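Chemist:
Chains as they are written, first to last, in the working numbering: chain A, 1241 to 1697; chain B, 1241 to 1697.
The following block contains the structure:
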C-alpha cells in the first residue's frame, strides 16, 4: 500500500485487458522504466483460437487459459488486478475498475486499452440464451454441456422428431471459429461417440453451418474457401450460405434465404459464431476524445494507435479500427508491442516511432484433424501439410511450457485416437445454465414453444 | 426403442449411481448373461479421492471424471442413462428417474443401489452456502474459484483486517479429504503463489484445520495421526482439535472448544470436509423393505448386501451399513463385485456366494508432495516412501490410459515444479455462484454481517 518515493516517480502504465493485446503489451514493457498495472475482468489469459477445442471436449480450460499473474509472475515491474473497468477518465487520467461490488481507482501516465470484443447478435440479444457465443471460457463450458448434453437427452427421448431435434446442431457463422466448431461437432458425432450410445446412432446427427455471406472463410479467399467447404461437406456438414438468421428459440432456428423464403430448422443446440462488437469502453473513449466509432463499435485511432489529442492513450486489438485490419490475434499482438515500444521511447526521451504498420503473418483454420487451410501472403495451402503448419504454430504460441506437453497429449488422444479427455459437464452446465425450462420444453413436443420474435412466414 | 424378443428375455440389471460402486458393478457384469442399465445424475464417473486436486488447481475435471459411457462404450450389454432417481418401487420392480423435467420408468429384475452419499452439515444446511462441501466436480470448481479468488481479492483489499480475513482458510474436518485440502492450500500459499502477487505475500496466509474429534486422521490410528499432524504443523497448517463448528457466515466461522468457550475465526474461504449423509433413496428402501437406517442414513443390509425380503435388491458403498465398514472406495468396489457375482450366479442357476467379506486393502492420504501416510493391516508408513505408494496406487486406479499420462504430467508440474496447470475460474465461480452479495459484504468491513445463528458468546 505504501509506495516508496522511487516507485512513485516511475511512469505508470495501465493496461486494460488480459487478451493477446493486454498480455503481450505488458510483457513488452518488462525492461522499460515503467510500472505496469494490468486490469482484467478474468484472472486468465485466454488463447481464444483454441476455445472450440474446450467446447468440444479436447482440451481442459486450464490448457488454453493460464493465470495471467502466473505468466507475469517473474516480471517485477508488472502487477495484475482483477476488475471490470467501468470508467475511464481521460482528463483525470484514471481508470475505475470494480470487483465484487467495490470500485478501485487507478491512475495512469500511459494507458493501453485492449478490452477486446464480445459476441454480437446484431441487435437480437435475446438469441444469446438459445445460441451461446464463443468468446469466453464460460461460453465454451456452456456449449460443452449443451453439445454432449444433447446426445444424452437424445438417448432418453422417445419420438423420432424429438431425437432428430436433439441431434441437429446449427453453427451460425462460417468464419474460422464456426468452421472449426462445425468440423469438431462432426468429428464428435462420427468418430468420438461412435460406440457410446445404445438407442441412438450419433452418426445420424445433422451438423448445419449457416452464414448470411455467400462464402465459407471469406478472409482466406475464394480458392481456400471452396476447398474448406468441400472438406466440410465430405465430413457430413451441411453448409448453407446466403442464409440469414431471423429467429432463434429453444427448439430451433429460423433463416431467411437469399430469395426471401423462410425456413425453420428444428435444433436444440445452436452455436453463435457470427458477429463481434467491440467493448463498450470504446463509447467512453469516443465521447471524451472525439474519436469516431465504426459500425462494430471499434475506435478509429490515429496512425500511431492513439486517440485524437490523447497521445498517452493507445487503443489496440479488437477495439481498434485502422486500415480495415481484422480482429485477429496478430493485430492485437503487433499493436500491443508498438504501443509498448512507443511508451518505452517516450519515457527514455527517445524519438517516437513512425506510424503503426501491420505485418500480415497469414491466417489458418483447421477443418478437421489432419486438414487445415493456411494463407500467408501469396502462399496458400490446404490439407495435411497445412494442418501440420497449424499444429506447429499453435504449439509454439500456447503460453507456457507445461501446457504445451499436456496439450500435445490431449491432441494425440483426439487426433490419433478417438477419445476426448475433457467431457465433463457440471451440474451448472447441464441443468442450471442451460435453463431447465428451455430443455424441458424442447424435450417435450406437447409443450408450447417460446414465441421468440419470428416474423410470420 | 423396440426390443428384440431375445433382448426381452434377458435378466435386466439396473444400477443406480456412477461412482465406484456403480461403475465397477457394471463392469463386473460384462460377461454375465444380463442387460445392464446404469442410471446416474452425472454423466461422469468421479474419482473422488483426487477431488481436492481439482479444487486446488492441479488437475482438470476431465482427468478425474471420465464420461461413464466412454468407460463402458465397449461393454455391449451395458447402457448408460442420465437421470436422477426419484423413486424406487420394490413391489413393481421399477426405478423412476428424471432428466430435465421428464420422468422415465425403467424395470429391473435385479437392482444395485449405489447412489453414494452427500455432504452432511449435521442439521445446519445453511452452512453450505458459506462453506461448500467436497463431494462433486461442481463443489471442487466452486472451491477452486473461492480459493484463488480470495487471493485476488486480498490483492485489491485496503485494510489489514480485510486482507487477513481473505487470506485465512478454514478447513472443517480432519479426515483424509480435509487433511489433503489443508495441505494443498498451504502448498499454494507457500510455494505456488510465491511470486504471483505484489501487494500481499501469500506466505502470510493462515490455514486452519478444525475438527470436533481429538485426532487427525483417526481411521489411521494414533501413530500415523500424530505424524500427519506434525507434518501439517511443519507446513504451516494450524491444527485445532476438539473444536466444534457452531456457526458459519460469509466472513467467518465460530467454534466451541472442549472447555465450552467460543471463538470466532475471521475467514472468507471455508471448506466443509466433515460429515457425510447417505443418499435419501435409503429412506424409500427402508420404508418399503423394513430395513433400518443408521444415524448417517445408511441402510442396514443383510450379510449378502441385500434388503430384508428382497434378495434381488443390493445396497452397496456409501449407502450401505454393515459391520461398521468405512465409506471408502474399496468398500464400494468390493461390494459391487460381490453383488454382480451374486447376480451372475443367480442367472446362471449356480449356488449363491456366502456372506460378503470385506478385505481391507489399507488406506492412504497425502499430506503434501512427497509426504503421505499409509496403513495396510499392520503395515504402517509415513513420509516419502508412503507417498510413492500413494502415487503408484492412484495412477493405477485412475481409469483410462490417457488420463494417466496427462495426470502424471500435471503432477510433475505441481510436485517437481511450482505450477498449477488448472487455475481457471469461470465467471460462474468468481461472481455468480459465490454470490456477489456475500463477497461484497465480507469485502467491505463497514457493511453489516449476515447474522447466521451464532449463539451469543
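Just so it is clear, CB atoms sit at the ideal spot from N, CA and C, and this is done for glycine as well.
All figures in this text were calculated on a predicted structure; none of them were measured in a lab.
(1) Where do the N-terminal and C-terminal ends of the beta strand (DSSP E) with residue 1611 (chain A) fall, by residue?
(2) Which residues bound the alpha helix (DSSP H) around residue 1460 (chain A)?
(3) Given residue 1342 (chain A), which residues of its chain have a CB within under 8 angstroms of its CB, disregarding the five upstream and five downstream residues?
(4) Can you grab the Cα-Cα spacing for the pair residue 1372 (chain B) / residue 1425 (chain B), in whole Å?
(5) Would you say residue 1534 (chain B) lies against chain A (beta-carbon separation less than 8 angstroms)?
(6) Considering only residues of the same chain and omitting the five flanking positions on each side of residue 1693 (chain B), which have a CB-CB separation below 7 angstroms?
(7) Hey, how far is the Cα of residue 1295 (chain A) from the Cα of residue 1375 (chain A)?
(8) Hey, quick one: how far does the beta strand (DSSP E) through residue 1338 (chain B) stretch, first residue to last?
(9) Using a C-beta to C-beta distance shorter than 9 angstroms, which residues of chain A count as neighbours of residue 1273 (chain B)?
(10) Can you tell me which residues form a DSSP beta bridge with residue 1489 (chain A)?
(11) Would the beta-carbon of residue 1559 (chain A) fall within 8 angstroms of that of residue 1356 (chain A)?
(12) Just the Cα atoms here: how many angstroms apart are residue 1340 (chain A) and residue 1311 (chain B)?
(13) Return no unless some Cβ of chain B is closer than 8 angstroms to the Cβ of residue 1676 (chain A).
(14) Any Cβ of chain A within less than 8 angstroms of the Cβ of residue 1253 (chain B)?
(15) Would you say residue 1344 (chain A) lies against chain B (beta-carbon separation less than 8 angstroms)?
(16) So residue 1400 (chain A) is in the alpha helix (DSSP H); what residue range does that whole segment cover?
(17) So, is residue 1271 (chain A) buried or exposed, given that buried needs 16 or more other C-beta atoms within 10 angstroms?
(18) Reducing DSSP to helix, strand and coil, say where residue 1378 (chain A) ends up.
(19) Would you say residue 1438 (chain A) faces chain B, with C-beta separation under 8 angstroms as the test?
(20) Might you give, ordered along the chain, the residues of its own chain that have their beta carbon closer than 6 angstroms to the beta carbon of residue 1569 (chain B), omitting 5 neighbours on each side?
(21) Three or more C-beta pairs under 8 angstroms: does that hold for the stretch 1320-1330 of chain A against the stretch 1380-1396 of chain B?
(22) Rounded to the nearest angstrom, what separates residue 1428 (chain A) and residue 1258 (chain B) at their Cα positions?
(23) Can you list the residues of chain B that residue 1497 (chain A) reaches, using a CB-CB cut of under 9 angstroms?
(24) Relative to the C-alpha of residue 1387 (chain B), which residue among B:1507, B:1263, B:1531 and B:1517 is closest?
(25) For the stretch 1305-1324 of chain A, list every residue whose C-beta sits within 9 angstroms of some C-beta in chain B, in sequence order.
(26) In the stretch 1325-1356 of chain B, which residues sit with their C-beta less than 8 angstroms from some C-beta in chain A, listed in chain order?
(27) State the start and end residues of the unbroken alpha helix (DSSP H) segment that holds residue 1584 (chain B).
(28) Quick check: residue 1328 (chain B) and residue 1521 (chain B), are their CB atoms within less than 8 angstroms of each other?
(29) Between residue 1296 (chain A) and chain B, is there a C-beta pair that is closer than 8 angstroms?
(30) When you compare each of B:1461, B:1280 and B:1467 to residue 1622 (chain B) by their alpha carbons, which one comes out closest?
(31) Output yes if chain A places a C-beta closer than 8 angstroms to the C-beta of residue 1546 (chain B); else output no.
(32) Just by C-beta distance, which residues in the stretch 1562-1578 of chain A are closer than 7 angstroms to chain B?
(33) Report the neighbours of residue 1462 (chain A) on chain B: residues whose CB is nearer than 8 angstroms to its CB, in chain order.
(34) Within 8 angstroms of any Cβ in chain D, is that where the Cβ of residue 1393 (chain B) sits?
(35) Could you pull the DSSP bridge partners for residue 1630 (chain A) from this structure?
(36) Are there three or more Cβ pairs, one per stretch, closer than 8 angstroms when the stretch 1526-1541 of chain B is compared with the stretch 1439-1458 of chain B?
Modeler: Checking against the coordinates, here is how it stands:
(1) Your numbering for residue 1611 (chain A) matches position 371 in the first chain. Its beta strand (DSSP E) spans residues 1611-1616.
(2) Sequence index remark: in the first chain, residue 1460 (chain A) carries index 220 (1-based). Where residue 1460 (chain A) is concerned, there is no enclosing alpha helix (DSSP H), given that its DSSP letter is neither H nor E.
(3) On the first chain, position 102 is the one that residue 1342 (chain A) refers to. Around residue 1342 (chain A): no qualifying Cβ.
(4) As a position in the second chain, residue 1372 (chain B) is number 132, starting the count at 1. As a position in the second chain, residue 1425 (chain B) is number 185, starting the count at 1. Distance between the alpha carbons of residue 1372 (chain B) and residue 1425 (chain B): 15 angstroms.
(5) For this step, residue 1534 (chain B) is matched to residue 294 along the second chain. Closer than 8 angstroms: no.
(6) Along the second chain, one-based indexing puts residue 1693 (chain B) at 453. Low confidence applies to residue 1693 (chain B): its pLDDT is 29, below 50, so where it sits in the model is not reliable enough to give any reading.
(7) By 1-based counting over the first chain, the position of residue 1295 (chain A) is 55. By 1-based counting over the first chain, the position of residue 1375 (chain A) is 135. If you take the alpha carbons of residue 1295 (chain A) and residue 1375 (chain A), they lie about 11 angstroms apart.
(8) The count along the second chain starts at 1 and reaches residue 1338 (chain B) at position 98. Here the beta strand (DSSP E) through residue 1338 (chain B) covers 1334-1339.
(9) One-based indexing of the second chain puts residue 1273 (chain B) at position 33. Identification of chain A residues near residue 1273 (chain B) by a Cβ-Cβ cut-off of 9 angstroms yields none; the smallest Cβ-Cβ distance measures about 17 angstroms.
(10) Taking the first residue of the first chain as position 1, residue 1489 (chain A) is located at position 249. Beta-bridge pairing links residue 1489 (chain A) to no other residue.
(11) As a first step, residue 1559 (chain A) must be located in the first chain, where it is residue number 319. As a first step, residue 1356 (chain A) must be located in the first chain, where it is residue number 116. Contact: yes.
(12) Within the first chain, numbered from 1, the residue matching residue 1340 (chain A) stands at position 100. Within the second chain, numbered from 1, the residue matching residue 1311 (chain B) stands at position 71. Answer to the nearest angstrom: the Cα atoms are 41 angstroms apart.
(13) Reading the first chain from its first residue, position 436 is the one you call residue 1676 (chain A). Any reading at residue 1676 (chain A) needs caution, since the residue's pLDDT is 37, under 50, leaving its predicted position unreliable; the model's value is listed next. It does; some Cβ of chain B falls within 8 angstroms.
(14) Within the second chain, the letter at position 13 stands for residue 1253 (chain B). Not one chain A Cβ lies under 8 angstroms of residue 1253 (chain B).
(15) As a working mapping, residue 1344 (chain A) is identified with position 104 in the first chain. Yes, residue 1344 (chain A) lies at the interface with chain B (some Cβ there is under 8 angstroms from its Cβ).
(16) Residue numbering aside, residue 1400 (chain A) sits at position 160 when the first chain is read from its first letter. Unbroken alpha helix (DSSP H) run through residue 1400 (chain A): 1400-1406.
(17) Locating residue 1271 (chain A) in the first chain gives position 31, where the first residue counts as 1. The residue is exposed, with fewer than 16 neighbouring Cβ atoms inside 10 Å.
(18) In the first chain, counting from the first residue as 1, residue 1378 (chain A) sits at position 138. In the structure shown, residue 1378 (chain A) sits in a helix (DSSP, three-state: H, G or I).
(19) Your numbering for residue 1438 (chain A) matches position 198 in the first chain. The C-beta of residue 1438 (chain A) comes closer than 8 angstroms to at least one C-beta of chain B.
(20) On the second chain, position 329 is the one that residue 1569 (chain B) refers to. Contacts found: 1260.
(21) The answer is yes - the stretch 1380-1396 of chain B touches the stretch 1320-1330 of chain A, with three or more Cβ pairs under 8 angstroms.
(22) Counting from one through the first chain, the residue named residue 1428 (chain A) turns up at place 188. Counting from one through the second chain, the residue named residue 1258 (chain B) turns up at place 18. The straight-line gap from Cα to Cα measures roughly 23 angstroms.
(23) For this step, residue 1497 (chain A) is matched to residue 257 along the first chain. Those within 9 angstroms of residue 1497 (chain A) in chain B number zero; the least Cβ separation is about 32 angstroms.
(24) Taking the second chain and counting its residues from 1, the one referred to as residue 1387 (chain B) is at position 147. Of the residues B:1507, B:1263, B:1531 and B:1517, the one whose Cα lies closest to the Cα of residue 1387 (chain B) is B:1507.
(25) So the close ones are 1305, 1306, 1307, 1309, 1310, 1312, 1313, 1314, 1316, 1318, 1319, 1320, 1321, 1322 and 1323.
(26) Contact annotation: in the stretch 1325-1356 of chain B, residues whose CB is within less than 8 angstroms of a CB in chain A are 1339, 1340, 1341, 1342 and 1344.
(27) Here residue 1584 (chain B) is taken as the residue at index 344 of the second chain, counted from 1. 1569-1587 is the span of the alpha helix (DSSP H), which, as asked, contains residue 1584 (chain B).
(28) As a working note, residue 1328 (chain B) is residue 88 in the second chain. As a working note, residue 1521 (chain B) is residue 281 in the second chain. Result yes, Cβ atoms of residue 1328 (chain B) and residue 1521 (chain B) sit closer than 8 angstroms.
(29) As a first step, residue 1296 (chain A) must be located in the first chain, where it is residue number 56. Proximity of residue 1296 (chain A) to chain B, defined by a Cβ-Cβ separation below 8 angstroms, is not satisfied.
(30) In the second chain, the residue the question calls residue 1622 (chain B) occupies position 382. Minimum Cα distance to residue 1622 (chain B) is reached at B:1467.
(31) Position 306 of the second chain, counted from the start, is the residue given in the question as residue 1546 (chain B). Contact with chain A is absent for residue 1546 (chain B), since none of that chain's Cβ atoms lies less than 8 angstroms from the residue's Cβ.
(32) Within the stretch 1562-1578 of chain A, no residue qualifies.
(33) In the first chain, the residue the question calls residue 1462 (chain A) occupies position 222. In chain B, no part has a C-beta under 8 angstroms from the C-beta of residue 1462 (chain A); the shortest such distance is about 39 angstroms.
(34) The chain inventory of the structure shown lacks chain D, comprising the protein chains A and B.
(35) Indexing the first chain from 1 puts residue 1630 (chain A) at position 390. Beta-bridge partners of residue 1630 (chain A) (DSSP): none assigned.
(36) Output reads no: the stretch 1439-1458 of chain B does not touch the stretch 1526-1541 of chain B.
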